[in-house]
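Undergrad: First residue of the sequence shown? That's 667 in the working numbering, and the numbers climb one at a time after it. In this text, a Cβ means the ideal position worked out from N, Cα and C, and glycines have one as well. Computed from a predicted model, the values in this text were never measured in an experiment.
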Amino acid sequence: MLCDALNELFADELKEADFKGHTRGREEMILAFLNAGGDLDVIKAASGLNDEQIEEIRRKNGKNGLQ
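Written out as structure tokens, the structure is:
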């Protein structure tokens, strides 16, 4: 019906918004762990990201380099 038509019409936009939401949530989790002094190896294991990706998140959010 109308709802299905709207979902189909905006499917790409909804997928992109969902992806951005998940990405931002993961970044916030990483920043929270970093700010709490979390162990980098634990952060990498939990997030599935490597040192460079975590460093990029830290830089993008105005944090200091990896310790």
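In this structure, how does DSSP classify GLN719 when only helix, strand and coil are distinguished?
TA: Of the three classes helix, strand and coil, the one that applies to GLN719 here is helix, per DSSP.
Undergrad: Measure the alpha-carbon distance for ARG692 versus ALA671 and round it to whole angstroms.
TA: The straight-line gap from Cα to Cα measures roughly 31 Å.
Undergrad: Assuming GLY687 is part of the alpha helix (DSSP H), what are its boundary residues?
TA: Residues 677 to 701.
Undergrad: Indicate whether the contact test is met: 3 or more Cβ pairs, each with one atom in the stretch 691 to 705 and one in the stretch 719 to 730, closer than 8 Å.
TA: The stretch 691 to 705, when compared against the stretch 719 to 730, does touch it at the 8 Å Cβ threshold.
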